[in-house]
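Structure first, then comments.
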Amino acid sequence: MCVGIPARVVTINQDKMFSAIVDVEGVRREANVALLDDPNDPLREGDWVLLHVGFAMSKLDEAEAKSTLEFIRSLGSVYDEEVDALRGQNSA
Amino acid sequence: MSQFTDFRDPVAARKVLGRIAELAANQPHRKFMEICGGHTHSIYRHGLEELLPENVELVHGPGCPVCVIPMGRIDDAIHIASQPNVIFCCFGDMLRVPGGKSNLLEARAKGADIRIVYSPMDVLSIAEREPNRDVVFLAVGFETTTPSTAVTILEASRRKLENYFVMSNHIRIIPAIKAILDSKDLQLDGFIGPGHVGTVIGNHPYAFVASEYQKPLVTAGFEPLDILESVMRLLEQKSSGRCEVENQYTRAVKDGGNPRAIDVIERVFEIRPHFEWRGLGSIAQSALKLRAEFASFDAELRYQVPGVKIADPKACQCGEVLRGAIRPWECKVFGTACTPETPIGTCMVSSEGACAAYYNYGRYNKAPRIPVRVG
Amino acid sequence: MKHEDSSRERLHSRIEEWRRRPMRLHDDVITSAHGAGGKASQALLNSIIFPAFEIVGAAMDGAVLKSDPGHDLVVTTDSFVVTPRRFPGGSIAKLAVNGSINDLAVMGATPRWMTVAFVIEEGFEIQELRELVAELARAAVDAGVSIVTGDTKVVGRGAADGIYVTTTGVGTRARSIKIDPANVRSGDSIIISGTLGDHGIAVLQARGELDITSNVTSDCAPLHTLVEALLTSGAETRWMRDPTRGGVASSLNELAMDTELGVRLNETSLPISRSVRGVCELLGLDPLYVANEGKLLAVVSSETAEMALEALKAHPLGRDSAVIGEMTSENPGIVVLETLFGGTRVVDMLVGDPLPRIC
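Chains as they are written, first to last, in our numbering: chain W, 6 to 97; chain B, -13 to 361; chain Y, 586 to 944.
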């Protein structure tokens, strides 16, 4: 139910209020974008949104996403042995 | 950049796990609660728990809006669904939630016109297509879902629909978190905070968790890397003696949340003085009902619901699971009398319920599992 | 009077001549008369059913089948109630034929004969029936199967939701073929012949209730030649199944319970098309539980797994074949999935019905 998934805005429907077509891995669905109706930051085709029960809840900030991933990837070297040891411990 | 797969990168995951291992090595046993059912689901689906060190324990919280619906409310829903001329719409999860004697799936088998919808807007379409029927929507969810119901009601109002009704079971996350924090049988070291509720209400409403209760909280996304990074951040806070509310889900959660979503909830809903939560008892100011201005859409006003409070079956320990006091497999009826096919409590029914998540996905070598034979 | 006698005779012979003419079908829709066994039924059979199928011994109540020496007969039956009747990649007709063929094929049998029974709702359009029967016939011919007998019933409006089809397939199998769960061993490899969940998602798509646009098509296909490729490849095949309702997860759970062994799947090796993945993410479905109608699930010895894969990939229906897991002696009776980063989760038997009327 908390299912919120990233979707890319493909078309903003001009003829229907607050309606856009979004794309999830090549699959398309209509989404209601009323909650993102901000005159200071209008929704554009190509934007990524978080989709929940057919509504766009939030714009996904690509820069933030990149920086989150970069931070994680920068965490030192891979502690493979540690993790393997843990796994051995856990399944004991 | 694929927003999906990058946050499931196994190589990056190993790095986070490595850091978690480092931090945990110098700490006592830590209990972190993930409040949101979506997190519980993700943790189990990806098998994350067993990758954590022994002394880092994840406790499952009550953030599953389906799980906390008391049996009496389901009976009310069945009552409405069984009225003549009603088309009753709900999310798929709701069908098998047990009421006092029955559930919506059985009601459907007995002739009630109950339809699964994916979005609240689908209900409007049905109402417009069937002007001679009363179309009722069972609205369920925390603040993640409430704005969607609110927008739909406003749209129904704009279209002047007279055959569209909503039975509101929307609930609020902050009172639930407070109830957990105030609960005596719990010793938690921190929280993995609800990420999707956060996209609506923002991050600052969680501030009291650190400032008043001295527990750290990291608002987390739902992909494996998000959850692992959040655990790492909680351990780092512990390690450095900090106690803060952090936001890991910065790509989706802004500090001020979504003002339009907050606004639309305010416009359509008001707070109920009390609301019964399964397993947590009555919590003040914890749920929403339609404002008087939208009374014509309120299903509870249109239909006289029994409104009976039904106690959970004696064997049911959902309350303790929802509070995090016991783990799913510690419930006496887990996996035996209470299974996904024959659920006694809601934790076993909802796709986000801790018991269901554990039973359907969880580590097989932790509790004796009884394989299910069908047919 | 002589004149009267001869005119009465002429009248009788005219009536008799007319009576012996084959019944013609003039109606647009099926009515209860077509199911009554009388003239209208005959008209239906003569006009649509018999011309399409090779109904052997139509005058008798059954068909005589002759098996080859050294061969056993294998029989299977299946009912088809899919809604909608048409979907990208197939129809109830194509399903009905291939479904029974596949049950025979995974038993190691060569499909030879089939019976078809229809339960049709009053008001069903005759033109659509004609088309479905033609598709059934074509699917049978394409697979080298003869439809040898059948039945038609008509029920009142609303009672059959259009049409229900039941097919019984009969095949022959050489006595030397041994496909049995008892042959399965710990360490054996589990192979799937292609992508998961295509059929279920295609049908969901066709229902149009969820307003989703995707290009997913059903994988509905007869598997007997693919099975033959596997069985003649030299690989040691222990067990086969065509995973339909309930998906690969359900078939593997049955396997685990029948063999009292464990199954360990590898999430990274599951072949899933991008569109199916997208729809599943959108709706919260798990492709492991979504129906297939043209996929072969096989357990082969690990030593011959490469050989098996090669043979399958060389066949048009098996291009995306992959080893997706193995049989284990741990966790007997249970299917476990190793996730993307080495965590594990249980893949239990399906509860409830996320996608009804899929087959």
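Built from N, CA and C at the ideal position, the CB exists for glycine as well.
How big is the Cα-Cα spacing for residue i and residue j?
| i | j | result |
| --- | --- | --- |
| residue 286 of chain B | residue 153 of chain B | 6 angstroms |
| residue 218 of chain B | residue 252 of chain B | 36 angstroms |
| residue 357 of chain B | residue 311 of chain B | At residue 357 of chain B, the pLDDT of 31 sits below 50, so the modelled position is not reliable; the number obtained from the coordinates is stated separately. Taking the straight line from one Cα to the other gives about 27 angstroms. |
| residue 4 of chain W | residue 865 of chain Y | Here chain W comprises residues numbered 6 to 97, so residue 4 of chain W is not present and cannot be evaluated. |
| residue 734 of chain Y | residue 646 of chain Y | 8 angstroms |
| residue 97 of chain B | residue 67 of chain B | 10 angstroms |
| residue 721 of chain Y | residue 683 of chain Y | 9 angstroms |
| residue 23 of chain W | residue 274 of chain B | 25 angstroms |
| residue 610 of chain Y | residue 711 of chain Y | 9 angstroms |
| residue 126 of chain W | residue 37 of chain W | As displayed, chain W neither begins before 6 nor continues past 97, which places residue 126 of chain W out of reach and without an answer. |
| residue 774 of chain Y | residue 857 of chain Y | 19 angstroms |
| residue 626 of chain Y | residue 638 of chain Y | 16 angstroms |
| residue 617 of chain Y | residue 186 of chain B | 58 angstroms |
| residue 605 of chain Y | residue 829 of chain Y | 46 angstroms |
| residue 615 of chain Y | residue 600 of chain Y | 27 angstroms |
| residue -8 of chain B | residue 744 of chain Y | 50 angstroms |
| residue 731 of chain Y | residue 35 of chain B | 55 angstroms |
| residue 595 of chain Y | residue 612 of chain Y | 30 angstroms |
| residue 629 of chain Y | residue 716 of chain Y | 14 angstroms |
| residue 46 of chain W | residue 63 of chain W | 12 angstroms |
| residue 676 of chain Y | residue 272 of chain B | 50 angstroms |
| residue 77 of chain W | residue 183 of chain B | 24 angstroms |
| residue 747 of chain Y | residue 802 of chain Y | 23 angstroms |
| residue 713 of chain Y | residue 669 of chain Y | 13 angstroms |
| residue 172 of chain B | residue 805 of chain Y | 54 angstroms |
So who's on the other strand from residue i, going by DSSP bridges?
| i | result |
| --- | --- |
| residue 749 of chain Y | Y/704 |
| residue 150 of chain B | B/121 |
| residue 302 of chain B | DSSP, once it has assigned bridges, lists no residue as partnering residue 302 of chain B. |
| residue 611 of chain Y | Bridge partners of residue 611 of chain Y: none, in fact. |
| residue 913 of chain Y | Y/847 |
| residue 284 of chain B | B/152 |
| residue 731 of chain Y | Y/698 |
| residue 773 of chain Y | Answer is none; residue 773 of chain Y lacks a bridge partner. |
| residue 757 of chain Y | Y/658 and Y/695 |
| residue 16 of chain B | B/42 |
Between residue i and the rest of its own chain, which residues show a CB-CB distance below 6 angstroms, the 5 nearest in sequence each way excluded?
| i | result |
| --- | --- |
| residue 99 of chain B | 73 |
| residue 661 of chain Y | 685, 688, 689 and 754 |
| residue 263 of chain B | 54 and 269 |
| residue 19 of chain B | 45, 47, 174, 177 and 310 |
| residue 85 of chain B | 57, 60, 61 and 64 |
| residue 664 of chain Y | 751 |
| residue 199 of chain B | 167 |
| residue 914 of chain Y | 771 |
Below 7 angstroms CB to CB, which residues in the same chain sit around residue i once its five sequence neighbours on both sides are set aside?
| i | result |
| --- | --- |
| residue 93 of chain B | 64, 67, 68 and 100 |
| residue 204 of chain B | 178, 179, 216, 219, 220, 232 and 234 |
| residue 742 of chain Y | 706, 707 and 708 |
| residue 655 of chain Y | 759 and 760 |
| residue 910 of chain Y | 775, 848, 849, 850 and 851 |
For residue i, verify whether its CB is less than 8 angstroms away from any heavy atom of the ligand ZN.
| i | result |
| --- | --- |
| residue 767 of chain Y | Within the structure as shown, the ligand ZN is missing, as the structure has no ligands at all. |
So, at 8 angstroms on beta carbons, what are the nonlocal neighbours of residue i in its own chain, with the 5 sequence-adjacent residues on each side left out?
| i | result |
| --- | --- |
| residue 30 of chain W | none |
| residue 650 of chain Y | 658, 697, 698, 733 and 755 |
| residue 887 of chain Y | 772, 773, 774 and 911 |
TODO: With a floor of 3 residues, list each beta strand (DSSP E) that falls wholly inside the segment 14 to 61 of chain W, ordered by position along the chain.
DONE: 24 to 29, 32 to 37 and 53 to 57
Open item on the list: List, from N- to C-terminal side, the alpha helix (DSSP H) runs of 4 residues or more that fit wholly inside the segment 792 to 875 of chain Y.
Closed with: 809 to 816, 832 to 844 and 859 to 868
TODO: Decide yes or no for the touch test of the segment 917 to 926 of chain Y against the segment 842 to 854 of chain Y: beta carbon pairs closer than 8 angstroms, at least 3 of them.
DONE: yes
Task: contact_flag[the segment 887 to 905 of chain Y, the segment 773 to 788 of chain Y] where n(CB pairs < 8 angstroms) is 3 or more - done: yes
Open item on the list: Between the segment 160 to 169 of chain B and the segment 42 to 59 of chain B, can you find at least three pairs of beta-carbon atoms closer than 8 angstroms?
Closed with: yes
Open item on the list: Under 8 angstroms, with one C-beta from each stretch per pair, do the segment 302 to 311 of chain B and the segment 274 to 293 of chain B reach the 3-pair mark?
Closed with: no
- [ ] Check whether the segment 868 to 882 of chain Y touches the segment 757 to 765 of chain Y, counting contact only when three or more Cβ pairs, one atom from each stretch, lie closer than 8 angstroms.
- [x] no
Open item on the list: Below 8 angstroms, how does it come out for the segment 13 to 33 of chain B and the segment 293 to 300 of chain B: are there three or more Cβ pairs, yes or no?
Closed with: no
Task: Cβ contact (3+ pairs, closer than 8 angstroms) linking the segment 727 to 741 of chain Y and the segment 697 to 711 of chain Y - done: yes
Open item on the list: Does the segment 19 to 31 of chain B come into contact with the segment 224 to 233 of chain B, if we say contact requires no fewer than three beta-carbon pairs (one atom in each stretch) closer than 8 angstroms?
Closed with: no
Open item on the list: I'd like the ranges of any beta strand (DSSP E) spanning at least 3 consecutive residues and lying wholly in the segment 658 to 699 of chain Y.
Closed with: none
TODO: Run through the segment 191 to 230 of chain B for me and flag every whole beta strand (DSSP E) of 3 or more residues, listed as ranges in chain order.
DONE: 203 to 205
Task: the segment 240 to 259 of chain B / the segment 132 to 150 of chain B touching (three or more Cβ pairs under 8 angstroms) - done: yes
Task: alpha helix (DSSP H) runs wholly inside the segment 65 to 147 of chain B, at least 4 long, in chain order - done: 90 to 95, 106 to 115 and 132 to 144
Open item on the list: Across the segment 110 to 129 of chain B and the segment 318 to 328 of chain B, are there enough close Cβ pairs to call them in contact, namely three or more that are closer than 8 angstroms?
Closed with: no
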